Amino acid sequence: MLLPLPFDEPFAYLVEDGTAPPPGTLVRVPFGPRRITGVVWDTAPDPKVARDRLRPIEAVLDTPPLSTALRRTIDETAAETLAEAGSILRLVLSVPAALEPGPIRILWRLPAHPTIEALDARRMKVIETLARSEPLQASVLARKAGVSAAIVKKMGEDGLIEPIEQDTDAVVAEETFAGAPVPLTAEQKAAARALVDGLEAGGWWLLEGVPGSGKTEVYLEAVDACLRAGRPVLVLLPEIALGAQWLGRFERRFGVTPQLWHSGLTAAQRRRTWKAVARGEVRAVVGARSALFLPFPELGLIVMDEAHDTSFKQEDGVIYDARTVAAIRARHEHAALVLVGATPTLESLEAVAPGRHLLLEARYSPAPEPSIALVDLRREKPPAGVFLGEALRAALRATLDAGEQSMLFLNRRGYAPLTICRACGFRLHCPNCTAWLTSHHYRPRLQCHHCGYARPLPDHCPECGAVDFLASSGPGVERIAEELAGVLPGARLEVMTSDTVHSAAAAADLVGAMLDHRIDVLIGTQLIAKGHHFPDLTMVGVVDADIGLGGGDLRAAERTFQLLYQLSGRAGRESRPGSVLIQTRQPDHPVMQALARNDRAGFVAAELEERRMAGMPPFGRLAALILAGPDAETVRRQSRRIARAAPELEEVLILGPAPAPLTLLRGRYRERFLIKAEPQIDLPALLRSWLTPIRLPRQVRLQVDVDPQSFL
Ligand code: ADP
Ligand code: ZN
């Protein structure tokens, strides 16, 4: 019995009549003083456990069993991530309420032998209404029959009509997928054909296409084919909250909305969707990465749109990469997997089989690709406290005068990333983290973006007490909006960040306002770079392209290219040509040069070569170990212990332990190891044999991050 608790091994329980329920069955068992829901696992229980110490299974649940494919996905995901199998199971059983019956409602129907003699006209209406209909709720029945609720109630008491109980979670709207296929271009058709023809055989594809090439239309063809073959489909999107435009397209194509799965759902929505998926009644789900753990009895196709997106890596709790889990699940389901995007990761590009790399090279719309120009901020140096150079200001003005829309991109929330005291030089920082506090003006406060710590904006320096000497250093999007309001008086500006967009509805509102051209300039963080399609948007400005290039991140260049390339793709998507202006202090950097020359292939080739030389992914494998605890000395001591136990292999390089760049996070001191292994090494297995024997004191926590995306 595998339990959704942080244990690797299944637990043994007694079965009353000696026959164990088949693997996958959900059962309720005692665990200490608690009752817990577990799943019958395939492995035989440990024979060393004495039979007379075993406790019995209490109940077998009504919930459909977890499929073999899902159970193997759990096992393999645990092996890959070094998380306990029970912790992965917990991601599957993420909605405990879904394992209970739902709220009950009473419906009324006719008895087998209805009494109709001597009924008055109103009662006869009720009988006639029910004779023509499914069982109805009292209020609905009263309305349909045109009588008062009191009559229906009285008839129930007199036994003239009969109550039945209905589990409201058991009701699903009938989904009929119909809708209009879109005529495809020759290039789109070829890619769609390849996917559709290969569906049955399974395996994975890379669908790469320039922004606006119609990748969505292509993979919706595969979705259609899969649904027709009677197998369910899962589509993963990175920013599900921003999917209003996407959902609209799905609806136009198929005539129904798919089921949604993301963190913004209500508890009732989660419960109903989980149950309906488990019963095999849901045919299409669109969701965030956690949807990979939904209990589909079988799955025919997984699509990951914008598959390079960083949100596909879960960084806390169980650390996993949704791309890895998707590949594991697709393999066990014998389903097809399609990774979609304009800028696939180097890992995907290197791993894909040649015949399975589908390319869309032309935009669908007649507009040419946007022209991209660099602005050298070293030469065109705006005065202190000013962040929009003359070239960018002129472009924004011209776009406004032409009646078109612009976007201004800066990947920084808030007003300013740093507040300094001009009297003593003190920098306001977080008490819990190695990080500056960001000032926010819309909701006035200083905030740590790592731990959420917040305090009011001070009027004096907390260090020296000087009043009115605090100065903002550097820009955030709020400060850019302030500057822009001075540059374009009267223009309609909006800011889009996670601070201004709290819900799917708020995001849809902003997107709607852009579409209706009620906004002239949209200023924002990477939220504005996602797959939006705004016909009147012709100019994209990048305030500071260098932000992501600093630091020791292996993928800094790759990520910056992905982000700016995707962002550029928003400009001029219909008939009018688009232009992109990138402000940078490093115009000679390979990323900037590749963008300006529109040479993605060249950039990828050069970047791959560098990785190959360094033995970095995709030509080697990385893992990070992070030790954290409240006492710095204890953490250091324990990390030295781990270092002493490290395996010594020629193919494996162990760097560290060293204080993490984010040395203090949420009040915990952190030490990091980086492990670099040659590709033939089974890195998870190596880590397991190294780390499993080591027992750490309670206050020190060890996190294992296989294929790390973050190096903080
Ligand atoms: P991508 O995802 O590659 O950026 P999209 O799938 O969003 O591109 O397509 C860009 C725009 O072109 C969308 O408005 C889409 O509806 C339109 N489009 C693409 N292909 C077709 C087609 N075959 N017929 C009609 N419209 C299309
Ligand atoms: Zn903090």
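When we follow the numbering used here, the leftmost residue of the sequence shown carries the number 1054, and every step to the right adds one.
Cβ atoms here follow ideal geometry from the backbone N, Cα and C, with glycine treated the same way.
Note that the coordinates shown come from a computational prediction; the quantities given were computed from them, not determined experimentally.
Query: Under 8 Å, with one C-beta from each stretch per pair, do the segment 1550–1562 and the segment 1591–1610 reach the 3-pair mark?; Result: no
Query: Out of Leu1280, Lys1583, Ala1437, which has the shortest C-alpha to C-alpha gap to Ala1389?; Result: Leu1280
Query: List the endpoints of the continuous beta strand (DSSP E) containing His1493.; Result: 1491–1493
Query: Excluding the five sequence neighbours on either side, which residues of its own chain have a C-beta within less than 8 Å of the C-beta of Met1645, listed in chain order?; Result: Leu1427, Ala1598, Ile1635, Thr1637, Gln1639
Query: By Cβ distance below 8 Å, which residues in the same chain neighbour Arg1302 in space, the five residues on each side in sequence not counted?; Result: Thr1269, Leu1273
Query: When you get a sec, list the residues whose CB is within less than 5 Å of any heavy atom of the ligand ADP, chain order please.; Result: Val1235, Leu1237, Gly1262, Pro1264, Gly1265, Ser1266, Gly1267, Lys1268, Thr1269, Glu1270, Tyr1417, His1586
Query: For Ile1381, which of Glu1531, Ile1127, Ile1572 has the nearest alpha-carbon?; Result: Ile1127
Query: Report the three-state DSSP secondary structure of Trp1094 (helix, strand or coil).; Result: coil
Query: By Cβ distance below 7 Å, which residues in the same chain neighbour Ala1544 in space, the five residues on each side in sequence not counted?; Result: Leu1453, Asp1573, Val1574
Query: Please say whether Leu1289 and Ala1233 have beta carbons closer to each other than 8 Å?; Result: no
Query: Pick from Ala1097, Ala1136, Lys1197: whose alpha carbon is nearest that of Thr1745?; Result: Ala1136
Query: So the beta strand (DSSP E) Leu1680 belongs to, where does it begin and stop?; Result: 1674–1682
Query: Please check the pair Ala1677 and Arg1721, which I expect to be a contact at CB under 8 Å, by giving their CB distance rounded to whole angstroms.; Result: 16 Å between Cβ atoms; not a contact.
Query: Do the segment 1345–1352 and the segment 1324–1333 meet, that is, are 3 or more Cβ pairs less than 8 Å apart?; Result: yes
Query: Please report the distance separating the alpha-carbon of Val1179 from that of Glu1218.; Result: 19 Å
Query: Nearest-angstrom Cα distance between Ile1157 and Asp1222?; Result: 9 Å
Query: For the candidate residues Leu1568, Arg1409, Arg1571, Leu1706, whose alpha-carbon lies nearest to that of Leu1248?; Result: Arg1409
Query: If you run the structure through DSSP and keep just helix, strand and coil, what is Phe1064?; Result: coil
Query: In angstroms, rounded to a whole number, what distance separates the CA positions of Arg1612 and Gly1622?; Result: 15 Å
Query: Does any heavy atom of the ligand ZN sit closer than 7 Å to the C-beta of Ala1488?; Result: yes
Query: Do the segment 1253–1266 and the segment 1399–1414 meet, that is, are 3 or more Cβ pairs less than 8 Å apart?; Result: yes
Query: Which residues in the same chain as Val1235 place their Cβ atom closer than 6 Å to its Cβ, once the five residues preceding and following it in sequence are excluded?; Result: Glu1270
Query: What ranges does the beta strand (DSSP E) occupy inside the segment 1069–1141, keeping only unbroken runs of at least 3 residues that lie completely in it?; Result: 1079–1084, 1087–1092
Query: Take Thr1578 and list the residues in its own chain whose beta-carbon comes closer than 8 Å to its own, dropping the five residues that flank it on each side.; Result: Phe1462, Leu1463, Asn1464, Arg1465, Arg1466, Val1530, Met1549, Thr1550, Ser1551
Query: Do Glu1731 and Glu1704 come within 8 Å of each other at the CB atom, strictly closer than that value?; Result: yes
Query: Please return the same chain residues whose Cβ sits closer than 8 Å to the Cβ of Leu1541, not counting the five positions on each side in sequence.; Result: Leu1449, Arg1450, Leu1453, Asp1573, Val1574
Query: Arg1480 by DSSP, collapsed to three states: which one?; Result: strand
Query: For the alpha helix (DSSP H) that contains Cys1504, what are its first and last residues?; Result: Element bounds for Cys1504: n/a, residue is neither H nor E.
Query: Taking 7 Å as the cut-off, does the CB of Tyr1506 come closer than this to any heavy atom belonging to the ligand ZN?; Result: yes
Query: If distances are taken between C-alpha atoms only, which option among Thr1072, Met1054, Leu1300 comes closest to Phe1064?; Result: Met1054
Query: Got a sec? Which residues, its chain only, sit under 8 Å from Arg1108 by beta carbon, not counting five neighbours each side?; Result: Tyr1066, Leu1067, Val1082, Pro1083
Query: Just the C-alpha distance for Ile1437 and Ser1526, rounded to the nearest angstrom, thanks.; Result: Looking at the sequence provided, one finds Ala at residue 1437 rather than Ile. One C-alpha to the other measures close to 10 Å.
Query: Reducing DSSP to helix, strand and coil, say where Pro1236 ends up.; Result: coil
Query: Just tell me which of Ala1297, Ala1649, Met1208 has its CA closest to the CA of Pro1167.; Result: Met1208
Query: Helix, strand or coil: how does DSSP classify Val1339 here?; Result: strand
Query: Exposed or buried, what is Ala1455 when buried is set at 16 or more other beta-carbons lying within 10 Å of its beta-carbon?; Result: exposed
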